[in-house]
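What follows is one structure encoded as structure tokens, with my remarks underneath.
Chains as they are written, first to last, in the working numbering: chain A, 37 to 692; chain B, 37 to 692.
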């Protein structure tokens, strides 16, 4: 067995931050066309190269005059001047305004020579004359020199400081640059970030997957690439190195030559880490190995020499997706933003309050994945945490998400992480915490549901805005509802607990044994599972389907005067439980089982046979203290009679 | 003169919102590669198509065992099993774990047949044997079935709901889609927004400008295009229509055929509006014309028929840049975001408090451009507004910016707009207001300075983070400092007022008359301006340069026993004042003047001659109640002896 690297002398997280800060990721400034400059950061100050406007400009439709000629004019006693011509925007003036004359001007026109003010058209009258004499214009008001004229350079003059270095270019800055005629903008470069993924088991999304070889899709490369873009960097994905060490070394060196920063992640093999070590030791510096943070202990920070004599920064991320994203977001993204000249987005953190008490005493910094629920103003009146130290009962509630860091679904069930200090023993319910969101674009869900997997529930979720639903089964869902975090729980079948809830609506669904199409084994009921040699697939304890199955088995045991345990022992596969409601059906479909616990709906949709065993009630239950929330109310609207009819339309075995 | 459209029956702003809401901008959904999906919005629910993981997966490095074989094992009494092989990640297992045996597995490996749990390597010892017998592994712990194994589908199972419609795709969702092997993602389309700009005077940035024809760079097209991108739309810039009406009509129709929404703006010509009217009337619907909002009165909302029988939405924006961006941001951007499925960014509005009392009574909704200054926690202790109704003295302060809507510099001097109801007469100092930022990426400056234009000030500003500086001249700057809005004022020359300020630092600069290179007219001093026929260019009253000039003229008047006014009357161009400090020098450079008021620094930098008239002191003054602010302190640091030396290094005529 290969010697495995141990991480005994862990660095403090601050040392990791310092090490990353000591790396130079800053690319050279570059020049981009104005049309691509939005979101970029000015590399240097931009001074105005021209006067804006470039000429004395009429700022009203009206008549250009010598102001002095209008002195004394008013409604009662207008002054009339000879009209000598007109100047329109975009035309050179071909008239001169001598004393006693005026010229028509439109907004934006160049002021003709001699004129020093504009009288707006609304304060004038035309007085046509005949016989070849010029028309005359009567002015019912006087103006001062400069009135309704924008002098050349009055907006911004040549030589003036227009925008400072470090300015983020939003539409308005684009506007000012346009006014100055700037079409190429000097901006900070985007750090180029190479992503090298290793591991023979990794397959790029879109390619064919062979699970029998243990292949899985590569999650980290795409996740981190998206994170790099979001932080203002330019990701470069390198082809898979697999576990071919020579190839891995070649790719690392290539990435170092081409990028400001190289990230690797995803290798579950200790030998891959050895290769990275060796490359860094031979051609670079290892600054730090192993950080006292959970997750992310095996983080590597170093520098890689380049063929051209320069160097590239290197950070090795943990392999599990949530860990990789957490470490990226906490340590790496800030360095990329810094190099790109971008500030941390204001939306990157959220102040929340703990929904539950969370115990912690692990002796190192914990970056705890958490979910958020934004109760908004709805819940200001109640909720356990309202009187907590946060004082701000409108802050979102925060609950830990711990599915094990190997789960990719944690990525979307958690919204971010809370940093818990090594010496913190407890986070109290109601305690204010700062959540670093996985992305500044993450928005906490407006509704949190938990409970049974059900196709009609899936449809229901599609109809409301940004819900989160955790299919933890009926029993666990109902328990969580009691503990106060979710808004609603969906239960199937009977419930035992005593929870202060309000049933918003529900439906019935037919459950039973799913068998291959045509029911080749002629399965007729539960007894066949006991008495014949059939391979069965079950659902886990705590699901409504399993509960109904066990109730039916208990009945059968009574009939046979046997203990239920004796019966279940005789079912081949009773202990083989699959987490999702379609999974047993898919096993049957794949020929790996003769019968699976499931719904008529699933059986018919996937083209299997079905042996009905009963109907069970699915109920959508809201926590009593959340019924008043807007999101819960809008859910309830979808559960009126018409709503239910619509939700279950076309679902086989469903009834209201 | 063309008949001008009047806007007498103005619609209420809500009616404008309703009209825009009634337009259909929604494009068809589309499919994008996963690598381009970040930031997009799911068009439909995505269910898992595969089990993740696709196999029972070892989640630790260690040994796969039958759990039952380890029962009873502990540190004192280990259990030893025969090692029958190894399975690594990405390899199909080629061993079976029979009772009494085990197999080495690495994290991510497929569990070999027979095994149902993994013992982590740290709890085992290798016991090599000799003579061809298999090695034995001692287990110092027992495990339960399923320990350190992630069952197939345990992360997410085929058929389960993975992501709902309307989900914004951030890195974590990209991660989950990767895990599911999805490489083409069904997303909401981006509305295509055509931008048609009209007006003979408009020139695209980068092209040559002829100011003598009244040409100006087109600001609105690029600004609005950037705003469209930011709101989640796809801008299409159409070539300039000029004021050629046939061409304008052709472009409008082409844009309608190709886009979900057509925007026009920038035409200052009433006739252009007539063409748009005619096109809409002949081939479309005019929904609304003229809205009771300042700015934006002449807004047009309608529909344009397409050649293919469909229709495109149309909105006509006002011509002035700030007005166009304000109306775009208030009425149009929300509709684009809605069509794109994107929520209003949380950073798009900021709660602030008025820094000053602002009078308003205009009978229609006013979208007042305002600047923001984020005093942060620094100023919690004082400030006039701290006891105002906002109660929140850490909210940024808000001050009106009113340079006339024709000024493009307002774009960057204002941060957003405050909507003031028609029936509001006053906004009180300290009153809480909601500021709609021009962009969610706008960050209020951390420091606000006002006062004299000066090249060393420009350098100083480059050294601090996101300052804003308004070059309003010494007198106006000092007045504003007294009134309490800015942090610092820069004055040049003497000041008259009594302001509670602290001088952070300063320097001297040499001023005088800038003349053509080589001083061809042999100008020796002020007297030449009076006594000879020279064309002069001045700076405005209120600037430090002008103040020093006027003081010198007063002295000269004393010498000659004349009134100062008599002297100034004799200077050709005394009344010709240019706003920026370089402008008089540029006039001299262009041969349009024989002498200009200016600095030795500017004269030498631009290659002119210089006739010195004196030195003046430039002082950077902080409001006494802002001295404690972090941003002011960091400015002060740049103004220590070393800092000043550095700031004025190489600036001709500057001294500390």
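We put the beta carbon where it would ideally sit given N, CA and C, even for glycine.
query	result
Could you tell me the distance, in whole angstroms, from the CA atom of residue 560 of chain B to the CA atom of residue 353 of chain B?	54 Å
Please list the partners that residue 674 of chain B has in chain A, where partner means a Cβ-to-Cβ separation under 9 Å.	Result: empty, since nearest Cβ-Cβ is about 14 Å, beyond 9 Å.
Below 8 Å on the Cβ atoms is my guess for residue 175 of chain B versus residue 109 of chain B; work out the distance and round it to an integer in Å.	5 Å
Between B:461, B:635, B:401, B:387, which has its C-alpha nearest residue 434 of chain B's C-alpha?	B:387
Give me the Cβ distance between residue 623 of chain A and residue 190 of chain B, rounded to the nearest whole Å; I'm assuming they're in contact under 8 Å.	That belief does not hold up - the Cβ atoms of residue 623 of chain A and residue 190 of chain B are roughly 14 Å apart, past 8 Å.
Give me the chain B residues within the contact set of residue 486 of chain A, using Cβ-Cβ distance strictly less than 9 Å, ordered along the chain.	Near residue 486 of chain A there are no residues of chain B at all, since even the closest Cβ is about 14 Å away, more than 9 Å.
I'd like to know if residue 689 of chain B contacts chain A, where contact means its C-beta is closer than 8 Å to some C-beta of that chain.	no
Is the region 165-175 of chain B in contact with the region 598-613 of chain A, if contact means three or more CB pairs nearer than 8 Å?	no
Near residue 512 of chain B, which residues of its chain fall below 6 Å by C-beta distance, leaving aside the five closest residues on each side in sequence?	578
In terms of alpha-carbon separation, which member of A:127, A:185, A:159, A:288 lies closest to residue 151 of chain A?	A:185
Any Cβ of chain A within less than 8 Å of the Cβ of residue 366 of chain B?	no
Determine, using beta carbons only, whether residue 252 of chain B comes closer than 8 Å to chain A.	yes
Have a look at B:282, B:333, B:292 and flag the residue whose alpha-carbon is nearest the alpha-carbon of residue 310 of chain B.	B:282
Straight-line CA distance for residue 81 of chain A to residue 359 of chain A?	40 Å
Pick helix, strand or coil for residue 555 of chain A, following the three-state DSSP scheme.	coil
To which residues of the same chain is residue 557 of chain B closer than 7 Å at the C-beta, ignoring the five residues directly before and after it?	551, 570, 630
Please report whether the beta-carbon of residue 501 of chain B lies at a distance below 8 Å from any beta-carbon of chain A.	yes
Applying a beta-carbon distance threshold of less than 7 Å, which residues of chain A neighbour residue 748 of chain B?	Since the first residue of chain B shown is 37 and the last is 692, residue 748 of chain B is not available in this structure.
Does residue 214 of chain A get closer than 8 Å to chain B when you measure Cβ to Cβ?	yes
Can you tell me which of B:587, B:656, B:609 puts its alpha carbon nearest to the alpha carbon of residue 599 of chain B?	B:587
Return helix, strand or coil for residue 222 of chain A, following the three-state DSSP convention.	strand
So for residue 310 of chain A, helix, strand or coil by DSSP?	helix
For residue 415 of chain A and residue 660 of chain A, what's the separation of their Cα atoms in angstroms?	Unreliable positioning characterises residue 415 of chain A in this predicted model, as indicated by a pLDDT of 48, which lies under 50. A coordinate reading is not provided.
Put residue 546 of chain A into one of helix, strand or coil per three-state DSSP.	strand
Does the beta-carbon of residue 692 of chain B have 16 or more other beta-carbons within 10 angstroms, so that it is buried, or is it exposed?	exposed
Do residue 375 of chain A and residue 296 of chain A have their C-beta atoms within less than 8 Å of each other?	yes
So is residue 457 of chain B buried or exposed if we call it buried at 16+ other beta carbons inside 10 Å?	exposed
If you measure beta-carbon to beta-carbon, which residues of the region 182-198 of chain B are closer than 7 Å to chain A?	186, 189, 190, 191, 192, 193, 194, 195, 196, 197
Work out the CA separation of residue 241 of chain A and residue 287 of chain A for me, nearest whole Å.	20 Å
Less than 8 Å between CB atoms is the rule here; does residue 334 of chain A satisfy it with respect to chain E?	The chain labelled as chain E is not found among the protein chains of the depicted structure, namely A and B.
Could you give the uninterrupted runs of the beta strand (DSSP E) lying entirely in the region 635-676 of chain B, keeping only those of 3 residues or more?	645-659
Going by DSSP in three states, residue 613 of chain B sits in which element: helix, strand or coil?	strand
Within 8 Å (strictly less), CB to CB, does residue 219 of chain B reach chain A?	yes
Less than 8 Å between the beta carbons of residue 544 of chain A and residue 653 of chain A, yes or no?	yes
Is the number of C-beta pairs between the region 226-241 of chain A and the region 122-141 of chain B that are closer than 8 Å three or more?	yes
Would residue 142 of chain A be called buried (16 or more neighbouring beta carbons within 10 Å of its own) or exposed?	buried
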